[in-house]
Each structure stands twice: as structure tokens, then as C-alpha cells.
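Going by my numbering, the sequence shown wraps up at 393, each residue one higher than the last. Since the structure comes first, as C-alpha cells, the remarks are kept for the end.
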Amino acid sequence: MDRVIIIRYSEIHLKGKNRAFFENILKRNIISKLAGITHKTDFCYGRYVVSDYAESDEQAIVSKLRQVFGIFSLSIAFRTTASVDDIYEAAKIICPKSGTFRVTVNRADKTLPYTSVGLSAEIGGRLLEYNSSLEVDLHTPKSIVYIDARDRNTAYVYSDSIAGAGGMPVGSAGRGLTLLSGGIDSPVSTYMMAKRGLKLTALHFWSYPYTSYEARKKVLDLAKILSDYTGNMSVIVVPFTEIQEAIHAHAESNYMITLVRRAMMRIAEMIADVNRCGCIINGEDLGQVASQTLESINVTNSVIKHTPVFRPLIGFDKIDIIDIAQRIGTYETSVKPFEDCCTVFLPDSPVTKPTIRRAEANEAKIPNYDELIVKAAHNAEVFVIPEK
Ligand code: ATP
Ligand code: MG
Numbered sequence: 006m007d008r009v010i011i012i013r014y015s016e017i018h019l020k021g022k023n024r025a026f027f028e029n030i031l032k033r034n035i036i037s038k039l040a041g042i043t044h045k046t047d048f049c050y051g052r053y054v055v056s057d058y059a060e061s062d063e064q065a066i067v068s069k070l071r072q073v074f075g076i077f078s079l080s081i082a083f084r085t086t087a088s089v090d091d092i093y094e095a096a097k098i099i100c101p102k103s104g105t106f107r108v109t110v111n112r113a114d115k116t117l118p119y120t121s122v123g124l125s126a127e128i129g130g131r132l133l134e135y136n137s138s139l140e141v142d143l144h145t146p147k148s149i150v151y152i153d154a155r156d157r158n159t160a161y162v163y164s165d166s167i168a169g170a171g172g173m174p175v176g177s178a179g180r181g182l183t184l185l186s187g188g189i190d191s192p193v194s195t196y197m198m199a200k201r202g203l204k205l206t207a208l209h210f211w212s213y214p215y216t217s218y219e220a221r222k223k224v225l226d227l228a229k230i231l232s233d234y235t236g237n238m239s240v241i242v243v244p245f246t247e248i249q250e251a252i253h254a255h256a257e258s259n260y261m262i263t264l265v266r267r268a269m270m271r272i273a274e275m276i277a278d279v280n281r282c283g284c285i286i287n288g289e290d291l292g293q294v295a296s297q298t299l300e301s302i303n304v305t306n307s308v309i310k311h312t313p314v315f316r317p318l319i320g321f322d323k324i325d326i327i328d329i330a331q332r333i334g335t336y337e338t339s340v341k342p343f344e345d346c347c348t349v350f351l352p353d354s355p356v357t358k359p360t361i362r363r364a365e366a367n368e369a370k371i372p373n374y375d376e377l378i379v380k381a382a383h384n385a386e387v388f389v390i391p392e393k
């Protein structure tokens, strides 16, 4: 008998012919997540089983697996032969010390010398004899002892399931470029799209010296926290100072934010192309600030030529975004008070209903604007955040 961790995966079964593709990506992600911890991962009967680990590593393994997208649930189980005696020995350990319980059996191998009902009655009866503080309740038991008898040599006995992160394995949906500021929203939008299976590269616009080295470090710290979920992630940092100064010097001040955001989108699409990212993600949320009105989003988006832009937070209330940020561990870092480049040269009254015509007219006033945009993209610096 040994202790193992059963990993059940979610949604993947919906994928028909692509199933093996998803299973392989999930397996790869599990292996890289558990790198550095001695263990074995096997694929058996439509689930993964982690075994041969030191008991002292068990909680660490479970915590790590709970951050892997594509995993629906986990159970710590005893693995035994399918003999009634061996199963009973495991059930004795799994069963609570008192209260109501039920035994539920899945008998995958129909040649085993008992029926599901017969085995649950046998194990239930023995447990009652063993511990008189137990009571059977078939309908609303406090605990359930599950027995999954796979074949003569293998049965799993377990009680609880621990919820996994859900979603799709990172990498199964392709690659995306996520715009990561130091704020609360974009780490959450990054997390959400990784959960849908995108392998992400992060892009940050940095306006040194208007925004400090600490502000840049904050973004790298956020990426480090996110890498628990996204796996290793590159953060591309674009020097944005010159562009912002040029906009500030030549454009109408109430169009400052609009033009800044259009510049970000143009650079993002160039960088997405070079990095073979099939989509751009940002943390925009309709109506949250002046730059996120319908008109602003339209004027910003209109510079995009061919790349879909995903805004997973578009219909979220701030309070719900904060909830997720706290749950995934980015909130504390996000609220550290460092400037983001969006607050540099902030006008008193940014336009809330910009038009594409006027935005373009303002851009036309900036000397060598296209060259500035290309130059910024060109001078980007890449930081590789390894998976923790
Ligand atoms: P956040 O909390 O994510 O900063 P926000 O509510 O402050 O969002 P904005 O500052 O208008 O909103 O930014 C909207 C989105 O634009 C952000 O969620 C992010 O995806 C992107 N963005 C803003 N500033 C930057 C930056 N300096 N670098 C990269 N992306 C940025
Ligand atoms: Mg911001």
C-alpha cells in the first residue's frame, strides 16, 4: 500500500480527437510544476497519478498542483491491490474516527470477484465492527469512503476531493501577449486568460524617469506571482518615455491618454507579431475610467490591424476583480504606491468621448511619430521569469 495523489482533469474530455493533445500538454505542465521534487507521474485510466514521493513533500505537491490549470480535482489516496483485505486496511485509515459515513465503490474491472454493492457492504460492515462510533448513512453521510477498483493489482481508496484550478492547460490555446501594468486589473486579466489555456508573454510600458525602477520591479514581481499559474513567462519592457514626451509636447492635452493608449496598442501588435502571439489581452473594464468608455476603447482599438484584443474583465465590477486579485495573491503587490506611465502628464480633464479623426489629427502633429513607435518596440528589453 502506498500514498498517491490522484489528479482529475476538467473540460479536456470535451475535446474529442484533440484529447491526446490536451492530455500531453497537461502532463508536461504537471511535470514542470513538480520539477525539483522527487516523484513519479503516471497516466492511468484517464487520470494522472503522482506517486513515489516523500511524505514530507505531499502538501507541497498538492499546493503546487492546485495552481495548474486544467486540473479539476485532486485526492490523496491509498493505492493497494484490489483484494478485499487490502482495501479494508486502507479504508480503516481513510475513514473518520466517528460520525456518519458511506462506502461508494467503482469497479472498473468486471472480472473482479465481487460486485460494487457487495464490496461496499463488506467494507462498510467491517468498518462498523472496527469502530463502534461510526454509523452508516447512505443518503447524507458526513464522509464518504471511495473505492476505485481498477484491476486486480490496483485499487484507490480515498475520502476527500480537493478542488483544482479548473480551466484549460496553459499552452493548449496558443500564445497571447498580455499588457501588464502595475495595477490591480491586468494581473487578473492575465490570470484569467492563462486559465483558458493561453501561454502568455507580458508587455510593460515603462517611462523612466517619470516611473521609477521600483515601478518596473513591481511589474516583474507581479509576473513572478503570476508565473505560479502561467508557468515561465517573459516580460517585455518597452521604453515609453520619448513617446509620452512627444505626445505631451505636440498633442492636445485632453487627448494625452487616448494617444498613449493607441501607441501602446500599436507597439503591442508589433511585438505580438514578432513573438507569434495570436491575441492581445488587457485589463480594461467598461466605464472604469475615462480611457475605458466605449468611445475610448473604440478609438484605441482602431489602430489594431489584425490581432484580436481580449478584455476578460470588461463586464466585471471592481470589487469582483479585487476579490480575484486577493485570491491569486497579486493584490498586495498591486496596491503598492508606484506610478504607472498612464498617470504621467495626466490632463485635468481627459476626453471621455474621443473620435478617431481627432486622435489621428493629433498624431499627425507629432514629428516622426511612426519612427518613434518603431524605435520603442525595437529597444524593448526582455526579462525571463522562470516558473517557481
Ligand atoms: P490596471 O489596474 O491593470 O493598471 P487600470 O484600471 O489602471 O488597469 P488603465 O491604466 O486605463 O486601467 O489601463 C488599462 C489596461 O491597459 C491595463 O489593464 C493594462 O492591461 C494596460 N496598461 C496600462 N498601463 C500599462 C503599462 N504601463 N504597461 C502595459 N500595459 C498597461
Ligand atoms: Mg493602470
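The C-beta atom is built at its ideal place from N, Cα and C for all residues, glycine as well. Values in this document were obtained by computation on a predicted structure and should not be read as measured data.
Given residue i, which residues of its chain have a CB within under 7 Å of its CB, disregarding the five upstream and five downstream residues?
i	result
Ile302	Glu289
Looking only at its own chain, which residues have a Cβ that is under 8 Å from the Cβ of residue i, when we skip the five neighbours before and after it?
i	result
Arg281	Arg180
Phe343	Gly187, Thr216, Ser217, Glu219, Ala220 and Lys223
Lys310	Glu274
Figure out for me which residue from the options has the closest Cα to the Cα of residue i.
i	options	result
Lys341	Glu219, Arg131 and Val9	Glu219
Arg155	Leu133, Gly123 and Lys115	Lys115
Glu140	Val108, Gly187, Tyr161 and Ala160	Val108
Leu227	Asp153, Thr195, Ile252 and Glu60	Thr195
Ala369	Tyr260, Thr348 and Gly104	Tyr260
Tyr336	Ile324, Cys347 and Cys346	Ile324
Gly334	Ile189, Arg131 and Gly21	Ile189
Leu208	Thr159, Thr246 and Met270	Met270
Ile361	Ile128, Ala199 and Val308	Val308
Cys347	Leu377, Asn367, Val294 and Asp47	Val294
Ile319	Ser191, Ile378, Ser212 and Pro214	Ser191
Arg332	Arg71, Ala25 and Ser88	Arg71
Thr86	Ser339, Arg157 and Ala40	Arg157
Lys358	Gln297, Leu39 and Leu143	Gln297
Ile81	Ile286, Tyr374, Arg8 and Asn306	Arg8
Phe48	Asn287, Ala25 and Lys229	Ala25
Ile378	Leu39, Ile248, Gly283 and Ile326	Ile248
Determine the direct distance from the alpha carbon of residue j to that of residue i, and round the result to whole angstroms.
i	j	result
Leu185	Ile10	35 Å
Thr206	Tyr234	13 Å
Ser4	Pro101	Examination of residue 4 is not possible in this model, given that the chain is present from 6 through 393 alone.
Ser68	Glu250	46 Å
Leu299	Pro244	28 Å
Ser354	Val304	17 Å
Phe77	Ile167	9 Å
Pro118	Lys97	21 Å
Lys380	Ala273	13 Å
Ala364	Thr263	7 Å
Glu350	Asn384	The question names Glu, but residue 350 in the sequence shown is Phe. Roughly 22 Å separates the two Cα atoms.
Met197	Asp62	29 Å
Asp90	Met6	11 Å
Arg201	Asn23	16 Å
Phe315	Asn136	57 Å
Arg33	Ile252	46 Å
Asp345	Glu392	26 Å
Leu225	Phe210	12 Å
Val389	Gly130	57 Å
Thr246	Val356	22 Å
What is the DSSP secondary structure of residue i, reduced to helix, strand or coil?
i	result
Met261	helix
His311	coil
Gly181	strand
Glu386	strand
Ile302	helix
His144	coil
Pro244	strand
Phe343	coil
Give a yes or no on whether the C-beta atoms belonging to residue i and residue j are separated by under 7 Å.
i	j	result
Val175	Ile329	no
Ile99	Ser56	no
Ala277	Leu182	yes
Ala382	Met275	yes
Ile42	Val73	no
Gly169	Leu79	yes
Phe106	Ala95	no
Val242	Glu28	no
Ile92	Val150	no
Gly123	Ser15	no
Ala254	Asn367	no
Ser103	Ser138	yes
Ile285	Thr312	yes
By Cβ distance below 6 Å, which residues in the same chain neighbour residue i in space, the five residues on each side in sequence not counted?
i	result
Ile30	Pro174, Gly176 and Ser177
Pro352	Ser258, Asn259 and Met261
Asn111	Asp153
Gly236	Val175 and Glu392
Arg13	Arg52, Phe77 and Ser78
Within 7 Å of any Cβ in chain D, is that where the Cβ of residue i sits?
i	result
Phe83	Although the question refers to chain D, the structure presented lacks it and comprises just one protein chain.
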